[in-house]
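See below for the structure under consideration.
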Amino acid sequence: MIDQNDWKQISWCRRSLFCSIIMSTINIYPIIQYILKCKKWHTRPTTNKQKQEIMEKAKKLLLELIQEEERRRQQQTQSCVSITNQHGHDRHSFYEAFALKGIRVDRVESGCIICTFMVPPRLTNAVGNLCSGAIANIIDEVGGAVVHVDGLPRSVSLDMSISYLSTAKVNDELEIISRALGKKGGYSGTIVLLRNKATREVIAEGRHALFSSSRI
């Protein structure tokens, strides 16, 4: 925080700079720390050149922070699958951030969802292949999403059969195709195909049986 003595040493024009920074949404503390610790600002600049140098340094710091904030926002707005939990509302968790982050929805049709996923290092095993558990999780989540009805609890997985046909490496771009096979009463069936988007090689194929007690 800025104490009263420090504030008195800052001229009107510098207060304007403080106000413009404080009203922004970025992290302002590096700039404030620089201004308060800079001796030239505490010992009133005597020449226009000194004033200009300090203003340029402050503007440079501000620009760097703005660019950093913009990069962070772009990463956060990356499209990913939104899964509705059993309570009927979206809830962000470590599980979603770790296992589902990076899944991009490309197309949604009745009974079909097509996604793209670039294999991240965090989901690979010791030899650099996409873990079988990560593949099973993708089939479980995207397979369940294709039969999910917004506003209702998610269906419960009854059975899942997966054929692992090939491997995927870090930074491989995968295409995920999830289709609904049918529905009878509270039972639904889906099929999910994972394949390399560049080579079209099938990585895995999973069949997913689900049950929901909700009635539409």
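Residue numbering for the sequence shown follows UniProt numbering, starting at 1 and increasing by one per position.
Yeah, the Cβ is synthetic: ideal placement off N, Cα and C, and Gly gets one too.
Here the structure is a predicted model, which is why all the values come from computation and not from measurement.
- If you compare alpha carbons, which of L210, G182, V170 is closest to C131? For the purposes of this step, residue 131 is identified with residue 131 of the sequence shown, where counting begins at 1. When only C-alpha atoms are compared, the closest one is V170.
- Give a yes or no on whether the C-beta atoms belonging to E205 and L158 are separated by under 8 Å. Residue mapping note: residue 205 aligns to position 205 of the sequence shown, counting from 1. Residue mapping note: residue 158 aligns to position 158 of the sequence shown, counting from 1. Not closer than 8 Å, so no.
- Task: In the DSSP assignment, find the alpha helix (DSSP H) that holds N137 and state where it starts and stops.
- Result: Taking the sequence shown and counting its residues from 1, one reaches residue 137 at position 137. Looking at the DSSP string, the run of the alpha helix (DSSP H) that includes N137 is 132 to 145.
- Message: Am I right that R195 and L174 are in contact with their C-beta atoms under 8 Å? What's the rounded C-beta distance?
- Response: Locating residue 195 in the sequence shown gives position 195, where the first residue counts as 1. Locating residue 174 in the sequence shown gives position 174, where the first residue counts as 1. Contact holds; Cβ gap of about 7 Å.
- Can you give me the start and stop residues for the beta strand (DSSP E) that G186 sits inside? Looking up residue 186 in the sequence shown gives position 186. Note, G186: premise wrong, no beta strand (DSSP E); not H, not E.
- Is the beta carbon of S155 sitting closer than 8 Å to the one on S188? Here residue 155 corresponds to residue number 155 of the sequence shown, with the count starting at 1. Here residue 188 corresponds to residue number 188 of the sequence shown, with the count starting at 1. Yes, these two residues count as a Cβ contact at 8 Å.
- Task: Starting from E205, follow the beta strand (DSSP E) in both directions and report where the run begins and ends.
- Result: Locating residue 205 in the sequence shown gives position 205, counting from the first residue. Taken as a continuous stretch (DSSP letters only), the beta strand (DSSP E) holding E205 covers 202 to 211.
- Query: Taking G133 as the reference, which of L123, I191, V142 has the closest Cα?
  - Reply: For the purposes of this step, residue 133 is taken as the residue at position 133 of the sequence shown. Among L123, I191, V142, the Cα nearest to that of G133 is on L123.
- Message: Less than 8 Å between C-beta atoms, sequence neighbours within five positions excluded: which residues of the same chain meet that for G128?
- Response: In the sequence shown, counting from the first residue as 1, residue 128 sits at position 128. Within the same chain, G128 has close Cβ partners K169, V170.
- Which of the three DSSP states, helix, strand or coil, is assigned to L165? Along the sequence shown, read from residue 1 onward, the residue named residue 165 stands at position 165. Looking at L165 - three-state DSSP - the assignment turns out to be coil, as it is neither helix nor strand.
- Task: Return the first residue and the last residue of the beta strand (DSSP E) that F98 is part of.
- Result: Counting from 1 along the sequence shown, the entry for residue 98 is found at position 98. No beta strand (DSSP E) holds F98; DSSP gives it neither H nor E.
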